[in-house]
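The sequence shown begins at 2 in the working numbering and counts up by one.
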Amino acid sequence: MKLFKIFLLIAFTGFLAHFFYFCDFGFYEDDYAFISTSLNYPASQLLRKLNACFFYWPQGRPLGFFLPTFFTVIGSSMGDLKFVYFTGFLIIFANSLMFYLILCRIKPKSTLFAVTGMLAFLLFPADTTKPFLLHLFQLQPSLSFLLLGYLLYLSGWTRFSYFCVTLTLLTYESFFMLFLAAPVIRCFADSEKKDPLFQAKTVSKSRFDEMFCKYFRVSLNDFLFHSLIMAAIILCVVVIREFTGDSRLEGSGNPFQMVNKIFFGSIIGPLSSLFSFFLAIYHVAFSFQKDTLLICFILFCVFLPIFIRIQLPDKCEKSLENRSGSLLPASVLLLVSSYLFSFTHFPPSELSGRGTSVHLAATFSVSFFIALLVEMVKNNRKNTRLFSVFLAAFFSMLGGYHFIIQKDYIRSWQNQKKFWSEILETCSDISDGTVIFVIKDRLPQTKYILTNSWADPIVLCQLLKFPRNWKKTPKLNLVEKDWADTVVFDKGEFFWKVPETTWLAHWDTIPDSNFILLEESDGKICRKEGSIKISGRNLQLKNKAKATIPEIDKGLLYRLMIQ
Numbered sequence: 002m003k004l005f006k007i008f009l010l011i012a013f014t015g016f017l018a019h020f021f022y023f024c025d026f027g028f029y030e031d032d033y034a035f036i037s038t039s040l041n042y043p044a045s046q047l048l049r050k051l052n053a054c055f056f057y058w059p060q061g062r063p064l065g066f067f068l069p070t071f072f073t074v075i076g077s078s079m080g081d082l083k084f085v086y087f088t089g090f091l092i093i094f095a096n097s098l099m100f101y102l103i104l105c106r107i108k109p110k111s112t113l114f115a116v117t118g119m120l121a122f123l124l125f126p127a128d129t130t131k132p133f134l135l136h137l138f139q140l141q142p143s144l145s146f147l148l149l150g151y152l153l154y155l156s157g158w159t160r161f162s163y164f165c166v167t168l169t170l171l172t173y174e175s176f177f178m179l180f181l182a183a184p185v186i187r188c189f190a191d192s193e194k195k196d197p198l199f200q201a202k203t204v205s206k207s208r209f210d211e212m213f214c215k216y217f218r219v220s221l222n223d224f225l226f227h228s229l230i231m232a233a234i235i236l237c238v239v240v241i242r243e244f245t246g247d248s249r250l251e252g253s254g255n256p257f258q259m260v261n262k263i264f265f266g267s268i269i270g271p272l273s274s275l276f277s278f279f280l281a282i283y284h285v286a287f288s289f290q291k292d293t294l295l296i297c298f299i300l301f302c303v304f305l306p307i308f309i310r311i312q313l314p315d316k317c318e319k320s321l322e323n324r325s326g327s328l329l330p331a332s333v334l335l336l337v338s339s340y341l342f343s344f345t346h347f348p349p350s351e352l353s354g355r356g357t358s359v360h361l362a363a364t365f366s367v368s369f370f371i372a373l374l375v376e377m378v379k380n381n382r383k384n385t386r387l388f389s390v391f392l393a394a395f396f397s398m399l400g401g402y403h404f405i406i407q408k409d410y411i412r413s414w415q416n417q418k419k420f421w422s423e424i425l426e427t428c429s430d431i432s433d434g435t436v437i438f439v440i441k442d443r444l445p446q447t448k449y450i451l452t453n454s455w456a457d458p459i460v461l462c463q464l465l466k467f468p469r470n471w472k473k474t475p476k477l478n479l480v481e482k483d484w485a486d487t488v489v490f491d492k493g494e495f496f497w498k499v500p501e502t503t504w505l506a507h508w509d510t511i512p513d514s515n516f517i518l519l520e521e522s523d524g525k526i527c528r529k530e531g532s533i534k535i536s537g538r539n540l541q542l543k544n545k546a547k548a549t550i551p552e553i554d555k556g557l558l559y560r561l562m563i564q
């Protein structure tokens, strides 16, 4: 297919499946720590932000902490939140296009291979976080570095390719090990450029060398040299992370536990990501939602003519067709590599919610595998038109699945707006040091992204600009129904343990007469009155007083969120 048609196909499919409702999207979970705080970030300070990230190396990901601010500034400079999401759409578009170009490099005479792989990549169902801004601006750019590295490697620009994939370690490390298969894949790419790093070809003499060359089509020496370069890059980054005290590296357990997680993660992860395709089709088939089925029908009408056209027998040699089977060992290597760094999110089995980002690295490998599988099946079928109908239906239902996810993101944002509007209405008398507890067991939740999350304690100070002379900023916390059982009384004060999130777990006071307790009842936030008996002592709740919120300046988030 001509590149312009691919542009249109990626843009149309990506927009419909992931960003059709982008005007109704908002902030979710980690967005409140990385995105909403960057909306008014001055562009002139971006260089200082970059320097700070590389000086402190937060979580060992200096680029990963800089890029969300960078892309948010770019999007917000064009307009409001909608333009921030549009920036994220451009990243998804660029990644899908680069993956298509990689597949074209590998098998330039097979349009089916490139198109099916690109659609599987764009509509990969195991990762349900495509509309999540933080992942759009942190994880997706890391994937961009990997894809760019592959394009450079397949073009013979090997040294530059290693630099690009090193950037994935500095952004989000899950994608780095996918580059392990680069020499294997390059052996199948029709490139006439020679790579000076790999000109010295050693003839394999041992039986193991011959078997390795037979299955992977690359000499063992070349593969080992490539692996050593990657190991050296990892070692350098690990040393820096250790030196800077990376909490995730320290919390990954002892070496035995890490190896155990890597081994089982490399089995559980690929099975989960492959199973997600069947799960996505099941959800669409039994959704019975008219708008979702309409989207599926529109996509089907777009995909069917494309697959019918490219299902016609290629005029390439039979040897080229048989290369699909030869690439299967490379696809297996990619599948395993996708989960080698998943030990920090073990087990890699989540199929809904923010945790599905553990599968994002498998977007490359699973899409590559499906492209090979589709071409192999096509080459062994006589009725290619019927197979075209199947493919069109398959990918259109994957698009419908992501459409369902979009609507869940809308519900989450609507729930959040309602929640915080009621909070400010119910707690209009907040003052210096006020602590607010909300019992969370009855709060409405959504499946693919949380409505209420760990980030709730940092939202209030973004909605309102509290006076600087206040000694302690008011905070809202979500608690379990039995929260009182965890409170202790010591030296005349009540204490509760704040759970660990981006801050360490610690004890904090519950101020007597400056404490508000909320609970949802009949779909509305209600405020408790009077006092609560804890360990035989009365904890006085804050009495409803004259509203102070109208006197408090409003933050940027107030305009975006409060109804």
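Glycine included, C-beta positions come from ideal geometry on N, C-alpha and C. The structure presented is a predicted model; accordingly, all values stated were derived computationally and were not measured.
Measure the C-alpha to C-alpha separation of residue i and residue j and round it to an integer number of angstroms.
i: Ser274; j: Leu329; result: 17 Å
i: Met178; j: Leu341; result: 7 Å
i: Ala44; j: Asp32; result: 19 Å
i: Thr487; j: Ile440; result: 14 Å
i: Asn539; j: His346; result: 42 Å
i: Cys237; j: Gly150; result: 19 Å
i: Leu272; j: Phe278; result: 11 Å
i: Ile186; j: Asn41; result: 44 Å
i: Ile371; j: Ala121; result: 7 Å
i: Lys472; j: Cys527; result: 27 Å
i: Leu10; j: Phe20; result: 15 Å
i: Leu374; j: Gln60; result: 38 Å
i: Val460; j: Gln417; result: 11 Å
i: Leu48; j: Pro349; result: 36 Å
i: Ser156; j: His403; result: 34 Å
i: Tyr163; j: Thr112; result: 28 Å
i: Phe199; j: Ala95; result: Low confidence applies here, because Phe199 scores a pLDDT of 41, under 50, leaving its location unreliable; read the following figure in that light. Going from the Cα of Phe199 to the Cα of Ala95 covers about 30 Å.
i: Lys482; j: Pro445; result: 15 Å
i: Glu322; j: Asn380; result: Because the pLDDT at Glu322 is just 46, under 50, the model does not fix this residue reliably, and the value given afterwards should be weighed accordingly. Their Cα atoms are separated by approximately 7 Å.
i: Leu68; j: Gly15; result: 22 Å
i: Lys108; j: Ala394; result: 25 Å
i: Ser522; j: Trp484; result: 18 Å
i: Thr503; j: Cys105; result: 42 Å
i: Pro63; j: Pro184; result: 28 Å
i: Ile7; j: Leu98; result: 8 Å
i: Ile92; j: Phe365; result: 15 Å
i: Lys195; j: Phe161; result: Bear in mind that the predicted position of Lys195 carries a pLDDT of just 44, short of 50, making it unreliable; the figure below should be weighed with that in mind. Distance between the alpha carbons of Lys195 and Phe161 is about 15 Å.
i: Ala233; j: Asn261; result: 23 Å
What residue from the options has the CA that sits closest to residue i's CA?
i: Phe90; options: Leu336, Phe26, Phe244; result: Phe26
i: Leu334; options: Gln446, Glu530, Phe180, Ser389; result: Phe180
i: Phe84; options: Thr435, Thr112, Val116, Cys24; result: Cys24
i: Val480; options: Asn470, Thr474, Ser454; result: Ser454
i: Ala456; options: Leu17, Phe28, Lys3; result: Phe28
i: Ile268; options: Phe344, Pro256, Ile299, Ala331; result: Phe344
i: Ile405; options: Trp158, Leu170, Asp292, Cys188; result: Asp292
i: Lys492; options: Ser413, Thr510, Ile103, Lys108; result: Thr510
i: Phe264; options: Ser338, Ile103, Thr452, Trp158; result: Ser338
i: Leu51; options: Ile36, Thr70, Gln541; result: Thr70
i: Lys566; options: Ser532, Leu399, Leu557; result: In this structure the chain extends from 2 to 564, so residue 566 is not present and cannot be described.
i: Phe304; options: Met377, Ala362, Val260, Phe396; result: Phe396
i: Phe146; options: His507, Cys165, Val74; result: Cys165
In the DSSP assignment, the alpha helix (DSSP H) including residue i goes from what residue to what residue?
i: Gln141; result: 140–155
i: Glu580; result: Absent from the model: residue 580. The displayed extent of the chain is 2 to 564, so no value can be given.
i: Asp292; result: 291–311
i: Asn52; result: 47–57
i: Lys262; result: 256–286
Beta carbon of residue i, beta carbon of residue j: below 8 Å?
i: His360; j: Ala127; result: yes
i: Ile296; j: Tyr22; result: no
i: Glu30; j: Ile450; result: yes
i: Asn515; j: Ser432; result: yes
i: Ile563; j: Leu465; result: no
i: Leu392; j: Val367; result: no
i: Gly80; j: Thr88; result: no
i: Thr129; j: Thr357; result: yes
i: Gly401; j: Pro512; result: no
Within the continuous beta strand (DSSP E) that includes residue i, where are the two ends?
i: Val489; result: 489–491
i: Gln446; result: Premise fails: Gln446 is in no beta strand (DSSP E) and is neither H nor E.
i: Phe496; result: 494–499
i: Asn478; result: 476–480
i: Phe516; result: 516–522
i: Arg528; result: 525–528
Runs of alpha helix (DSSP H) lying entirely within the segment 317–403, each at least 4 residues, in chain order: 319–322, 324–327, 329–338, 363–380
Contiguous alpha helix (DSSP H) assignments of at least 4 residues, all confined to the segment 79–109: 82–107
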